[in-house]
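**Q**
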Amino acid sequence: VRLHGVPASIVSDRDPRFASEFWRAFQAEMGTKVHMSTAYHPQTDGQSERTIQTLEDLLRMCVLDWGGHWADHLSLVEFAYNNSYQASIGMAPFEALYGRPCRT
């Protein structure tokens, strides 16, 4: 919220933490629509699941190559992913967000 404002909508996987009455009331106050995916069906949000798999693979490779804990490599993986071309949007996520390529 601090950097990009309140989201217009959120897709939730029906986790009890995000399906509670408090959460729904909070999102309603913020003006955010909450859409629930099918329970126990992660393929419903395939794009997110694919992104998560890609990030897991990158983190695993970093740990195998350089050792340490996956959290030690998170900033590097985040930077690499956010500056990699994504065919779905025709540019890197950084460029889509800021309107210019990242200086590297």
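Each residue of the sequence shown is one higher than the one before, starting from 1 at the first, in the UniProt record's numbering. Idealized CB from N, CA, C, for every residue including glycine.
#1: With a threshold of 8 Å, are at least 3 pairs of Cβ atoms found where one atom belongs to the segment 48-59 and the other to the segment 68-82?
#2: Could you give the residue range of the beta strand (DSSP E) that holds methionine 36?
#3: Assuming the contact rule is C-beta atoms closer than 8 Å, alanine 8 and threonine 32 should be a hit. Round their C-beta distance to whole Å, please.
#4: Closer than 7 Å by C-beta to glutamine 86: which residues in its own chain qualify, once you throw out the five before and the five after it? Chain order, please.
#5: Pop quiz: valine 6 and histidine 35 are said to be a contact at Cβ under 8 Å. What is the actual Cβ separation, rounded to whole angstroms?
#6: Could you please give me the residues that DSSP links to residue 160 through a beta bridge?
#7: Just how far apart, CA to CA, sit tryptophan 66 and arginine 17?
#8: For the candidate residues Asp13, Glu21 and Gly46, whose alpha-carbon lies nearest to that of serine 37?
**A** According to the data block:
#1: yes
#2: 33-36
#3: 7 Å
#4: Answer for glutamine 86: Ala92 and Pro93, listed in chain order.
#5: Contact flag wrong, Cβ pair sits at about 16 Å.
#6: Because the chain spans 1 through 104 in this model, residue 160 falls outside it and cannot be assessed.
#7: For the pair tryptophan 66 and arginine 17, the Cα-to-Cα distance works out to about 35 Å.
#8: The shortest C-alpha to C-alpha distance from serine 37 to any of Asp13, Glu21 and Gly46 is the one to Asp13.
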